[in-house]
Amino acid sequence: MAQEITTNQLRKWLLAYAARIIENEDHLTELDTAIGDADHGVNMRRGMGKLQERLRDEGHSEDVSAFLRSVAMTLISGVGGAAGPLYGTFFLRAATSPTNGSSIDLEQLTQMFRYGLDGLQQRGKAQADDKTMIDTIQPAVEAMEAALAAHQSAAVVLAAARQAAHLGMKHTIEIEARKGRASYLGPHSIGHQDPGATSAYFLFETAAEVFTITGAD
Ligand code: ADP
Ligand code: MG
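Numbered according to my numbering, the sequence shown spans residues 1427 to 1643.
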């Protein structure tokens, strides 16, 4: 891949993410029907529709921070439920991470996810193993940081993130919810995959797909 990820590549990533969520709306609904109130698919689809409109608009900023802030605002107003403010906070905090203006390098991409994760945790107060989107995002960020520290290529860093995110998502099946609506079910939440952990997985799946395309912009 190119040395730097441009705002346009971030835009393509989030368009791919929006499409993946919309394809998986029914799956997200089924998961939230089992341990929540059956609205995660609808919430996310509505927000992703707004995001698609926003990202297809020619008027988006080339500045990475401004772009991520605008994504955050669209998610906060468009998604709803618990997930809207949480994803919004993720991107709002990601927008405060260091950039080179209209692009970010691999280290900055990793930092972007780290800032988002820290913001999400401060906002939602969930820890690992509470059966939330944190169980996907935290291991993914940690895997990126470890691969980066080991001087791996962008493709390897992003593949590590995707794999860790996938394992984290699947791990939510085994554990009891301690945060969010699913926590009302206590031990009955065990055996079901968390909807938010699932929607969050697609962030890393699409990042690995979009950002590894060599020279593409
Ligand atoms: P609601 O719970 O309001 O119906 P959604 O169904 O859209 O909202 O989103 C539910 C998802 O939000 C959960 O599956 C979980 O991953 C995530 N979630 C809930 N509370 C928290 C929290 N405190 N921290 C992180 N994620 C959370
Ligand atoms: Mg719900």
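Glycine included, C-beta positions come from ideal geometry on N, C-alpha and C.
- In the DSSP assignment, Ile1530 is bridged to Ile1431.
- The beta carbon of Gly1514 lies closer than 6 angstroms to those of Ala1498, Leu1501 and Ile1502 in the same chain, with the five residues before and after it left out.
- The beta-carbon separation of Leu1546 and Val1583, rounded to 20 angstroms, does not stay under the 8 angstroms limit for a contact.
- A straight-line Cα-Cα distance of about 27 angstroms links Leu1629 and Tyr1610.
- Taking a contact as a CB-CB distance under 8 angstroms, the pair Leu1457 and Pro1621 counts as one, their CB atoms being some 4 angstroms apart.
- Excluding the 5 residues flanking it on each side, Glu1451 has same chain C-beta neighbours closer than 6 angstroms at Gly1467 and Arg1471, in chain order.
- In the structure shown, Lys1476 adopts helical secondary structure according to DSSP, grouped into three states.
- The Cβ atoms of Ser1615 and Leu1454 lie no closer than 7 angstroms to each other.
- In this structure, DSSP gives Met1595 a helical state, which the three-state scheme calls helix.
- Nearest C-alpha to Ala1586 among Tyr1443, Ala1633 and Met1538: Ala1633.
- A check of alpha carbon separations from Gln1589 across Asp1555, Glu1568 and Leu1535 identifies Glu1568 as the nearest.
- Judged by the Cβ position, Arg1472 fails to qualify as a neighbour of the ligand ADP at the 6 angstroms threshold, every heavy atom of the ligand being at least this far.
- Within a 10 Å sphere around the beta-carbon of Ala1444 sit 16 or more other beta-carbons, which makes this residue buried.
- Non-local C-beta neighbours of Gln1578 in its own chain, meaning closer than 8 angstroms and more than five positions away in sequence, comprise Ala1586, ordered along the chain.
- Each residue's CA atom was taken as its position, placing Leu1494 and Phe1539 some 12 angstroms apart.
- For Gln1564, the enclosing alpha helix (DSSP H) has its first and last residue at Ile1560 to Ala1575.
- By the Cβ rule, the stretch 1430-1447 does not count as touching the stretch 1543-1558, because fewer than three pairs are nearer than 8 angstroms.
- Counted as a single uninterrupted DSSP element, the alpha helix (DSSP H) harbouring Asp1452 occupies residues Glu1451 to Ile1461.
- Judged by beta-carbon spacing, Ala1623 lies within the 7 angstroms limit of Thr1562, meaning their Cβ atoms are closer than that value.
- When DSSP states are grouped into helix, strand and coil, Lys1438 belongs to the helix group.
- In this structure, DSSP gives Ser1523 a state outside helix and strand, which the three-state scheme calls coil.
- DSSP places Ser1491 inside the alpha helix (DSSP H), whose first and last residues are Val1490 to Gly1504.
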